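The structure appears below as structure tokens.
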Amino acid sequence: NAGVTQTPKFRVLKTGQSMTLLCAQDMNHEYMYWYRQDPGMGLRLIHYSVGEGTTAKGEVPDGYNVSRLKKQNFLLGLESAAPSQTSVYFCASTDPGQGNSPLHFGNGTRLTVT
Amino acid sequence: DQQVKQNSPSLSVQEGRISILNCDYTNSMFDYFLWYKKYPAEGPTFLISISSIKDKNEDGRFTVFLNKSAKHLSLHIVPSQPGDSAVYFCAASARSSASKIIFGSGTRLSIRP
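Just so you know, the protein sequences line up as chains A and B, in that order. Using this note's numbering, the final residue of the first sequence is 147, and nothing's skipped along the way. Using this note's numbering, the final residue of the second sequence is 200, and nothing's skipped along the way.
The following block contains the structure:
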């Protein structure tokens with residue numbers, strides 16, 4: 034049972050380059066999330082999705098775009114990377130049908146922008 | 088404006104003693120609270136939760152206390168074990184927007200022998 038899988042695990046970008054982070058879950062969860070973790074800032078919500086074809090902004094959405102074309106996948110895009118986007122990115126999912134069920138997290142993508 | 092605050096970045100506790108991690112929140116709409124544990128190079132994992140209709144929830148060595156009037160919750164670990172050394176995140180959500188889950192900045196707990 035894979036749970037939540039994030040690819041890639043590591044990436045180094047130059048300022049201005051673009052990339053897409055992929056998150057896949059095999060638990061048939063309705064809700065999916067992208068967080069970033071920075072020292073002293075904890076986990077901050079970037080964007081989230083409450084179902085296929087829907088997305089919403091979180092706490093720190095600027096500079097990122099997301100898409101949820103398939104229920105099992107949630108993509109996070111950086112169109113023009115900036116050094117301030119150097120961070121560890123975590124994807125998570127949960128199923129609202131199970132009441133207040135907790136988030137299931139992937140193992141993260143470490144992104145460095147030079 | 089941080090809605091969920093963990094004011095202690097780090098905590099060191101002797102093995103066998105009680106660890107107490109604190110969390111404060113500002114949004115009175117929050118009615119569900121969770122604690123997550125995170126080891127290096129891994130994603131956070133769920134530890135324990137509490138609904139606002141309760142003031143205490145216990146699961147083995149872990150107990151979470153909620154003080155709604157003070158907008159404060161705490162996680163107690165007793166007895167503390169070496170494997171408890173990790174970063175602990177407090178999180179909160181509101182039933183009105185159950186999809187939006189907000190995390191605190193985390194507390195790094197170190198259990199010393």
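C-beta: ideal position from N, C-alpha, C; glycine also. Because the structure is a prediction, the values reported are computed rather than measured.
Closest residue to residue i among the options (Cα-Cα distance)
{"i": "B/Phe176", "options": "B/Lys124, B/Phe152, B/Ser97", "result": "B/Lys124"}
{"i": "A/Lys42", "options": "A/Leu55, A/Ser126, A/Gln50, A/Pro72", "result": "A/Leu55"}
{"i": "B/Ser95", "options": "B/Ile198, B/Gly193, B/Ser197", "result": "B/Gly193"}
{"i": "A/Ser120", "options": "A/Ala35, A/Tyr68, A/Asn61, A/Glu63", "result": "A/Tyr68"}
{"i": "A/Leu102", "options": "A/Ala115, A/Arg44, A/Ser82, A/Gly96", "result": "A/Ser82"}
{"i": "B/Tyr119", "options": "A/Thr145, A/Val37, A/Thr142, A/Pro135", "result": "A/Pro135"}
{"i": "B/His163", "options": "B/Lys92, B/Leu98, B/Ile189, B/Thr132", "result": "B/Leu98"}
{"i": "B/Gln93", "options": "B/Ile105, B/Gln101, B/Asp111", "result": "B/Asp111"}
C-alpha distance - residue i paired with residue j, whole-angstrom precision
{"i": "B/Ile107", "j": "B/Ser161", "result": "7 Å"}
{"i": "A/Ser117", "j": "B/Tyr126", "result": "24 Å"}
{"i": "A/Gln105", "j": "B/Gly103", "result": "43 Å"}
{"i": "B/Phe152", "j": "B/Ala179", "result": "14 Å"}
{"i": "A/Asn61", "j": "A/Asn140", "result": "19 Å"}
{"i": "B/Thr150", "j": "B/Ile135", "result": "8 Å"}
{"i": "A/Leu111", "j": "A/Lys47", "result": "12 Å"}
{"i": "A/Tyr97", "j": "B/Ala173", "result": "29 Å"}
{"i": "B/Gln159", "j": "B/Asn114", "result": "Reading off the sequence, residue 159 of chain B comes out as His, not Gln. Roughly 11 Å separates the two Cα atoms."}
{"i": "B/Lys155", "j": "B/Ser139", "result": "7 Å"}
{"i": "B/Pro166", "j": "B/Arg199", "result": "12 Å"}
Listed by chain order, chain A residues near residue i by CB distance under 8 Å
{"i": "B/Ser186", "result": "Tyr64, Tyr81, Val83, Ala89, Pro129"}
{"i": "B/Ile189", "result": "Leu78, Glu92"}
{"i": "B/Gly103", "result": "Within chain A, no residue comes near B/Gly103; the closest Cβ sits about 28 Å away, beyond 8 Å."}
{"i": "B/Ser115", "result": "Ordered by position in chain A, no residue passes the 8 Å Cβ test against B/Ser115, which lies about 18 Å from the chain."}
Integer Cβ distance of residue i from residue j, believed to fall under 8 Å
{"i": "A/Thr53", "j": "A/Leu109", "result": "7 Å"}
{"i": "A/Glu63", "j": "A/Gly84", "result": "6 Å"}
Listed by chain order, chain A residues near residue i by CB distance under 9 Å
{"i": "B/Leu129", "result": "In the sequence on display, residue 129 of chain B carries Glu and not Leu. Phe138, Asn140, Gly141, listed in chain order."}
{"i": "B/Pro96", "result": "Gly73"}
Under 7 Å from the C-beta of residue i: neighbouring residues of chain A
{"i": "B/Gly170", "result": "None at all; the shortest Cβ gap to chain A is about 19 Å."}
Which residues, in chain order, does the stretch 117-140 of chain A contribute to contact with chain D at a C-beta distance below 7 Å?
Chain labels in this structure do not include chain D; the protein chains are A and B.
Counting only Cβ-Cβ distances shorter than 8 Å, please list the residues of the stretch 72-101 of chain A near chain B, keeping chain order.
Gly73, Met74, Gly75, Leu76, Arg77, Leu78, Tyr81, Val83, Ala89, Gly91, Glu92
Positions along the stretch 127-161 of chain B whose CB lies within less than 8 Å of some CB in chain A:
Ala128, Glu129, Gly130, Pro131, Thr132, Phe133, Ser136, Ser138
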